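*Asks:* Counting from 1 along the sequence shown, just add 110 to a position and that's the residue number in the working numbering.
Sharing a structure here in structure tokens format.
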Amino acid sequence: MGYTKKNILEYVKEDDVKFIRIAFVDPFGNQKNISIMPNELENAFDNGIMIDGKYIFKDNASKLLLVPDPNTISVLPWRPSQGRVVRMFSKILNKDHSFFACDTRSFLIKALESMKNDLFFQTKYDFYLLKTNEEGNPTKIPYDNASFMDIAPDDKGENVRREICLSLIEMDIKPVASHHESGPGQNRIFCQKDNPLKAADDAITFKSVVKTIASRNGLYADFLVKPIRNEVENRCYIEISGKNLNYEYKNLLNHYNEIELFLNPTKELYGDNEKIMLEDDSIIIEVTSLMNPYIAFGLIIYAMQDESLGDLNKNLCFEDALNKAKNSEFVKKYLPKELFDFYMSI
Numbered sequence: 111m112g113y114t115k116k117n118i119l120e121y122v123k124e125d126d127v128k129f130i131r132i133a134f135v136d137p138f139g140n141q142k143n144i145s146i147m148p149n150e151l152e153n154a155f156d157n158g159i160m161i162d163g164k165y166i167f168k169d170n171a172s173k174l175l176l177v178p179d180p181n182t183i184s185v186l187p188w189r190p191s192q193g194r195v196v197r198m199f200s201k202i203l204n205k206d207h208s209f210f211a212c213d214t215r216s217f218l219i220k221a222l223e224s225m226k227n228d229l230f231f232q233t234k235y236d237f238y239l240l241k242t243n244e245e246g247n248p249t250k251i252p253y254d255n256a257s258f259m260d261i262a263p264d265d266k267g268e269n270v271r272r273e274i275c276l277s278l279i280e281m282d283i284k285p286v287a288s289h290h291e292s293g294p295g296q297n298r299i300f301c302q303k304d305n306p307l308k309a310a311d312d313a314i315t316f317k318s319v320v321k322t323i324a325s326r327n328g329l330y331a332d333f334l335v336k337p338i339r340n341e342v343e344n345r346c347y348i349e350i351s352g353k354n355l356n357y358e359y360k361n362l363l364n365h366y367n368e369i370e371l372f373l374n375p376t377k378e379l380y381g382d383n384e385k386i387m388l389e390d391d392s393i394i395i396e397v398t399s400l401m402n403p404y405i406a407f408g409l410i411i412y413a414m415q416d417e418s419l420g421d422l423n424k425n426l427c428f429e430d431a432l433n434k435a436k437n438s439e440f441v442k443k444y445l446p447k448e449l450f451d452f453y454m455s456i
């Protein structure tokens, strides 16, 4: 988009913006934010907004600075048009303005420097819409009992998906398609492919939009792999497009077992034979929605460019993936030590 600090300051002043949410993620991709007033925005751009990081990053941080990225500004469409609320993703710095090793968005930005060819990423997310109880807490009761690509009235999620897609469009995220998935109350929406950083930002935003719109409709959106026992699993697919990906695909296969823990950080999807494949100049990887897309995309990009040898065991179990990651010279080469240690400690 090419927005500058000056553009954003003018926009905030002229369009009645009253709150600016400065957003970031923890190492596991959970979105966090602090809300500031318009009169603090220029200082945020110049000096950063200080937060206490120890409650999020444990011993790795105390005082941290959030510096907003003007290119990521987006209006929150479910907030009032008068007294608007906008959101920007941020860079995380130490209080002396040095690089903060557990800033996963900056990790992906650095990984982009290694790309030899243009790559485009797309994510396809499954999620369950569950009913809530009288206190507003989620139950295990699905919103409907429809099946794959059913229509209304069996598919009760149709209007919820519509509202999600319209909200995404207002936030400069372009949904491609949506439909009811195989499980009761299960849905799928996927968005247009984009450069890896925008695609990762969009993936973080997507989950927050889905959860917000579901809540506004008295529902709960669940991205866990198995929200309902004995029902179809939620899956997420990363599709990578580019020209002549055979070389990059071979490299990625060599390192896939070493990075799989960061793509599938829960036990449920292990043992599947077809989690990575090459189809018509696209690489398709099956992952869980609990991945941090900044780490996942960054490690994928590094793996696609790295020619060191490895081996692929498609039937790896979770414990094997954990050990592969812990002992991987490849992962230790690219993932900052502080981030690696934090992730492994959990």
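Each residue gets a CB set at the ideal place from its N, CA and C atoms; glycine is no exception.
All values derive from a computational prediction rather than experimental measurement.
Taking Cβ positions, are S292 and V342 nearer each other than 8 Å?
*Replies:* Looking up residue 292 in the sequence shown gives position 182. Looking up residue 342 in the sequence shown gives position 232. Yes. Within cutoff.
*Asks:* Name the DSSP beta bridge partners of N204, please?
*Replies:* Here residue 204 refers to the residue found at position 94 when the sequence shown is read from its first residue. According to DSSP, N204 bridges with L174.
*Asks:* Compare the Cα-Cα distances from L174 to each of D206, L400, N340 and report the closest residue.
*Replies:* Translated into the one-based positions of the sequence shown, residue 174 becomes position 64. Closest option to L174, Cα to Cα, is D206.
*Asks:* Considering only the alpha carbon of each residue, which of S191, K116, L186, L240 lies closest to R131?
*Replies:* What you label residue 131 is simply residue 21 of the sequence shown in a count that begins at 1. Of the listed residues, the one whose Cα sits closest to R131 is L186.
*Asks:* Measure from the alpha carbon of E124 to the alpha carbon of each residue in N181, P178, F138, Q192, then state which is nearest.
*Replies:* The residue given as residue 124 occupies position 14 in the sequence shown. Out of N181, P178, F138, Q192, Q192 has the C-alpha closest to the C-alpha of E124.
*Asks:* Answer yes or no: do C212 and E448 have a C-beta to C-beta separation smaller than 8 Å?
*Replies:* Numbered from 1 along the sequence shown, position 102 holds the residue referred to as residue 212. Numbered from 1 along the sequence shown, position 338 holds the residue referred to as residue 448. Going by C-beta atoms, C212 is nearer than 8 Å to E448.
*Asks:* Cβ of V441 within 8 Å of Cβ of E368?
*Replies:* Translated into the one-based positions of the sequence shown, residue 441 becomes position 331. Translated into the one-based positions of the sequence shown, residue 368 becomes position 258. Cβ atoms of V441 and E368: closer than 8 Å.
*Asks:* According to DSSP, which residues form a beta bridge with R215?
*Replies:* As a working mapping, residue 215 is identified with position 105 in the sequence shown. Paired residues: none, contrary to the question.
*Asks:* With H, G and I counted as helix, E and B as strand and the rest as coil, what does DSSP make of I338?
*Replies:* On the sequence shown, position 228 is the one that residue 338 refers to. It is coil, neither helix nor strand.
*Asks:* Should the stretch 357-374 be regarded as contacting the stretch 308-317, the criterion being three or more beta carbon pairs within less than 8 Å?
*Replies:* Touching, no, given that fewer than three Cβ pairs across the two stretches are closer than 8 Å.
*Asks:* Taking the alpha-carbon positions, what's the R197 to N354 distance?
*Replies:* Residue numbering aside, residue 197 sits at position 87 when the sequence shown is read from its first letter. Residue numbering aside, residue 354 sits at position 244 when the sequence shown is read from its first letter. Straight-line Cα distance between these residues: approximately 37 Å.
*Asks:* At a cut of 8 Å, does the stretch 151-171 reach the stretch 221-240 through at least three beta carbon pairs?
*Replies:* Counting Cβ pairs under 8 Å, fewer than three are found: no touch.
*Asks:* Suppose contacts are defined by Cβ-Cβ distances below 8 Å. Is Y347 in contact with I394 by that definition?
*Replies:* Residue numbering aside, residue 347 sits at position 237 when the sequence shown is read from its first letter. Residue numbering aside, residue 394 sits at position 284 when the sequence shown is read from its first letter. Yes, the pair counts as a contact, with Cβ atoms nearer than the cut-off.
*Asks:* Using 10 angstroms around the beta-carbon of V127, count the other beta-carbons present and answer buried if the total reaches 16, otherwise exposed.
*Replies:* Position 17 of the sequence shown, counting from 1, holds the residue named residue 127. Flag for V127 reads buried.
*Asks:* For T249, which of S257, M259, Y238 has the nearest alpha-carbon?
*Replies:* In the sequence shown, the residue the question calls residue 249 occupies position 139. The candidate whose alpha carbon is nearest that of T249 is Y238.
*Asks:* Considering only the alpha carbon of each residue, which of I183, M147, L203 lies closest to G112?
*Replies:* Start at 1 with the first residue of the sequence shown, and residue 112 comes out as number 2. For G112, the nearest C-alpha among the options comes from I183.
*Asks:* Between which residues of its own chain and L119 is the CB-CB distance below 7 Å, once the five residues before and five after are set aside?
*Replies:* The count along the sequence shown starts at 1 and reaches residue 119 at position 9. Only L151, E152 meet the Cβ criterion.
*Asks:* Could you check where the beta strand (DSSP E) with D162 kicks off and where it finishes?
*Replies:* Taking the first residue of the sequence shown as 1, we reach residue 162 at position 52. Looking at the DSSP string, the run of the beta strand (DSSP E) that includes D162 is 159-162.
*Asks:* For Q296, write down the residues that DSSP places opposite it in a beta bridge.
*Replies:* In the sequence shown, the residue the question calls residue 296 occupies position 186. For Q296, which the question treats as bridged, DSSP gives the partners Y238.
*Asks:* Just to confirm, is the Cβ distance from G408 to A221 under 8 Å?
*Replies:* Mapped onto the sequence shown, residue 408 falls at position 298. Mapped onto the sequence shown, residue 221 falls at position 111. Contact: yes.
*Asks:* Ignore the nearest five residues each way along the sequence and tell me which others in G139's own chain have a CB closer than 8 Å to its CB.
*Replies:* Looking up residue 139 in the sequence shown gives position 29. So the list reads T214, I314, L400, M401, N402, P403, Y404, I405, once near-sequence residues are dropped.
*Asks:* Checking 8 Å against the spacing of the C-beta atoms, do S200 and P178 come in under that value?
*Replies:* Against the sequence shown, residue 200 aligns to sequence position 90. Against the sequence shown, residue 178 aligns to sequence position 68. Closer than 8 Å, so yes.
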